[in-house]
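*Asks:* Numbering (the numbering used here), first residue to last: 140 to 544.
All C-beta atoms in this analysis are idealised placements derived from N, C-alpha and C, irrespective of residue type, glycine included.
Remember, predicted model here, so these are calculated numbers, not experimental data.
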Amino acid sequence: ALDAPEENDLAAILFTSGTTGTPKGVMLTHQNLVSDTYIAQSRMRLYPSDVFYALLPIHHAYTMQAVFIESLSCGAEIVYGKSMAVSRLMKELKEGQITMLLGVPLLFNKLLAGILKGIKAKGPVVNGVIHLMLNISYLFKKLFGINIGKKLFKAVLKQANIYSLRIAICGGGPLAESVFKIYNEMGIDFVQGYGLTETSPIITLNPIDHFKIQSVGQYFFPWMEMKVLDAGEDGIGEIAVRGPMVFKGYYQMPEETAKVFTADGFFKTGDLGWLDKEGYLMLAGRAKNMIVTAGGKNVYPEEIENAFQLCTDISQITVQGYTEDKEAKNEEIEALIYPSDDLYARLGLNRDENANNEAVRVEIRQIVAQVNKDLQPYARITKITLLEKPLEMTTTQKVKRNYKK
């Protein structure tokens, strides 16, 4: 007979997404996974009657822990999705009567873009009334803790097959504040969280009753510790954590493991951000992706990319730094853009024959110019590169950034 596992025994080796390099095998123990499961439940209630929806592969830490193990812990059901296509997704949400929808920004952006497109098609008067109702709903929820959105938007939610949702959770990447806000306005208890494969993965969640729209949530005090390393004048530094959910090390990579831990045992996440007095985390971006512009200003690509999340004319956008002069130390901002099929269809163009058509360029330039108006001068996009093929994506639907400049 096999010996019963000890809490510090290896339970799984899961690989990082590899957005900026080669994936690494993350060794997670039984204690890592089980502690994170129950600590996360301190921020939300789960019931045996819940039905979870899983779209990401189960070998990803987010699905393994937040869907598979969480549902097992409370005896809930799981529906495994088959495709990111909105039509397929909506069919599965309806048939499964999903109550817990866990996804990545791309999923929630696609779903919301479809809803907003339907609202816009009803004309300016209806569109204006609905936006007024959204604002009223948000005020009631934020000021009085009363969720009137689900009643106000019952027809809209039913049409999108998300009326049965009790909670929607977004992780695996940054989500635009506007997207987070609209879901809450429509009456969906929408939760944004943050974590990494190395942290089993969840280490912050936005409480449903006390969420902060600009935050990825409150860290799990007192069960873990979080601090900001080498913070600048703006309070932004590298996020570091210590607690029972932090991994054992990288598989057969002792040197890489040593690099990511401080002398006092804190795991350095590689993410930049700051904490407020209540322990809410605000993320700026990945340290590896940061761009230093003229005047020494730090620009985080993710913040610029977020501004395009609901733009249906753009399928992919990746922001990076570039220099015209190889001797220059400061960078300017470039956007690599893969236009959507919707844009080509709207312009009556065949993508294969018109990948770099001037009409497409004009549309993209107008979109970028509109976003640039809301950005600080040093963070504005100064170069646009249209891509003929999409960039490679990870299993969590994030663009791989190990591109060649």
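1. In whole angstroms, give me the CA-to-CA distance for residue 195 and residue 466.
2. Alpha carbon to alpha carbon, how far is residue 300 from residue 272? Give it in angstroms, no decimals.
3. Quick one: grab the DSSP three-state call for residue 544.
4. I need the straight-line Cα distance from residue 254 to residue 398, nearest angstrom please.
5. Quick one: what does DSSP say residue 330 is sitting in, helix, strand or coil?
6. The beta strand (DSSP E) spanning residue 461 covers which residue range?
7. Between the C-alpha atoms of residue 543 and residue 537, what's the straight-line distance to the nearest angstrom?
8. Please state the DSSP three-state secondary structure of residue 147.
9. Counting only the same chain and skipping the five closest in sequence on each side, list residues whose C-beta sits under 6 Å from that of residue 381.
10. In whole angstroms, what separates the C-alpha of residue 384 from that of residue 488?
11. Look at the alpha carbon of residue 311 and the alpha carbon of residue 201, and state the distance between them as a whole number of angstroms.
12. Would you kindly check if the distance between the Cβ of residue 388 and the Cβ of residue 166 is under 8 Å?
13. Just tell me which of 280, 307 and 324 has its CA closest to the CA of residue 293.
14. Give the DSSP-derived three-state secondary structure of residue 380 in the structure shown.
15. Is it the case that the Cβ atoms of residue 425 and residue 435 are separated by a distance below 8 Å?
16. Quick check: what's the CA-CA separation for residue 262 versus residue 455?
17. Taking the alpha carbon of residue 287 as the point to measure from, which residue in 274, 227 and 148 has its own alpha carbon closest?
18. With DSSP collapsed to three states, give me the class of residue 205.
19. Provide the residue(s) that pair with residue 437 in DSSP beta bridges, ordered along the chain.
20. Less than 8 Å separating the beta-carbons of residue 185 and residue 205?
21. Name the residue from 351, 443 and 302 whose alpha carbon lies nearest to the alpha carbon of residue 233.
22. Would you kindly work out how many angstroms separate the C-alpha atoms of residue 515 and residue 445, rounded to a whole number?
23. Report yes or no: do the region 217 to 228 and the region 322 to 342 share at least 3 C-beta pairs separated by less than 8 Å?
24. What is the residue span of the alpha helix (DSSP H) that residue 394 lies within?
25. Using a threshold of 8 Å, state whether the C-beta atoms of residue 209 and residue 176 are closer than that.
26. What do you get for residue 285, buried or exposed, if any count of 16 or more other CB atoms within 10 angstroms of its CB means buried?
27. Distance check for residue 463 and residue 510, CA to CA, integer angstroms please.
28. Output yes or no for whether 8 Å exceeds the beta carbon distance between residue 546 and residue 482.
29. Taking 7 Å as the limit between beta carbons, can you name the residues of its chain near residue 197, skipping five residues before and five after?
30. Comparing C-alpha positions only, which one of 213, 244, 217 and 249 sits nearest to residue 226?
*Replies:* Walking through what the data contain:
1. In the sequence shown, counting from the first residue as 1, residue 195 sits at position 56. In the sequence shown, counting from the first residue as 1, residue 466 sits at position 327. Roughly 43 Å separates the two Cα atoms.
2. Here residue 272 refers to the residue found at position 133 of the sequence shown. Here residue 300 refers to the residue found at position 161 of the sequence shown. The straight-line gap from Cα to Cα measures roughly 20 Å.
3. In the sequence shown, residue 544 corresponds to position 405, counting from 1. Residue placement at residue 544 is flagged as unreliable, the pLDDT there being 42, under the threshold of 50; a coordinate-derived value is accordingly withheld.
4. Translated into positions along the sequence shown, residue 254 becomes position 115. Translated into positions along the sequence shown, residue 398 becomes position 259. Each residue's alpha carbon lies about 45 Å from the other.
5. As a first step, residue 330 is located in the sequence shown; it is residue number 191 there, counting from the start. DSSP places residue 330 in strand when its eight states are reduced to three.
6. In the sequence shown, counting from the first residue as 1, residue 461 sits at position 322. Taken as a continuous stretch (DSSP letters only), the beta strand (DSSP E) holding residue 461 covers 453 to 461.
7. Taking the first residue of the sequence shown as 1, we reach residue 543 at position 404. Taking the first residue of the sequence shown as 1, we reach residue 537 at position 398. With a pLDDT of only 44 at residue 543, under 50, the local geometry of the prediction cannot be trusted, and the value read off the model is given with reservation. Straight-line Cα distance between these residues: approximately 17 Å.
8. Here the question's residue 147 lines up with position 8 in the sequence shown. Reduced to three states, the DSSP call for residue 147 is coil.
9. Taking the sequence shown and counting its residues from 1, one reaches residue 381 at position 242. The answer, listed in chain order, is 364, 404 and 405.
10. Locating residue 384 in the sequence shown gives position 245, where the first residue counts as 1. Locating residue 488 in the sequence shown gives position 349, where the first residue counts as 1. Residue 384 and residue 488: Cα-Cα distance of roughly 51 Å.
11. Counted from its first residue, the sequence shown places residue 311 at position 172. Counted from its first residue, the sequence shown places residue 201 at position 62. Distance between the alpha carbons of residue 311 and residue 201 is about 7 Å.
12. Along the sequence shown, one-based indexing puts residue 166 at 27. Along the sequence shown, one-based indexing puts residue 388 at 249. Yes, they are a contact pair.
13. As a first step, residue 293 is located in the sequence shown; it is residue number 154 there, counting from the start. The candidate whose alpha carbon is nearest that of residue 293 is 324.
14. Translated into positions along the sequence shown, residue 380 becomes position 241. Strand.
15. For the purposes of this step, residue 425 is taken as the residue at position 286 of the sequence shown. For the purposes of this step, residue 435 is taken as the residue at position 296 of the sequence shown. The answer is no: Cβ separation not under 8 Å.
16. Here residue 262 refers to the residue found at position 123 when the sequence shown is read from its first residue. Here residue 455 refers to the residue found at position 316 when the sequence shown is read from its first residue. Looking at the two C-alpha atoms, the distance is approximately 28 Å.
17. Sequence index remark: in the sequence shown, residue 287 carries index 148 (1-based). Closest by alpha carbon: 274.
18. By one-based count along the sequence shown, residue 205 stands at place 66. Helix at residue 205.
19. On the sequence shown, residue 437 is found 298 positions in, with the first residue counted as 1. DSSP, once it has assigned bridges, lists 431 as partnering residue 437.
20. Taking the sequence shown and counting its residues from 1, the one referred to as residue 185 is at position 46. Taking the sequence shown and counting its residues from 1, the one referred to as residue 205 is at position 66. Contact flag unset, no.
21. The residue labelled residue 233 in the question sits at position 94 within the sequence shown. The residue with the shortest Cα to Cα distance from residue 233 is 302.
22. Taking the sequence shown and counting its residues from 1, one reaches residue 515 at position 376. Taking the sequence shown and counting its residues from 1, one reaches residue 445 at position 306. Whole-angstrom Cα-Cα distance: 15 Å.
23. no
24. Residue numbering aside, residue 394 sits at position 255 when the sequence shown is read from its first letter. Note, residue 394: alpha helix (DSSP H), 393 to 398.
25. Walking along the sequence shown from the start, residue 209 turns up at place 70. Walking along the sequence shown from the start, residue 176 turns up at place 37. A contact, by the Cβ cut-off of 8 Å.
26. Along the sequence shown, one-based indexing puts residue 285 at 146. It is exposed - the Cβ of residue 285 has fewer than 16 other Cβ atoms within 10 Å.
27. As a working note, residue 510 is residue 371 in the sequence shown. As a working note, residue 463 is residue 324 in the sequence shown. Those two C-alpha atoms are separated by around 23 Å.
28. Here the chain comprises residues numbered 140 to 544, so residue 546 is not present and cannot be evaluated.
29. Sequence index remark: in the sequence shown, residue 197 carries index 58 (1-based). The residues are 203 and 207.
30. Stepping through the sequence shown from its first residue, residue 226 is reached at position 87. Checking every option, the nearest Cα to that of residue 226 belongs to 249.
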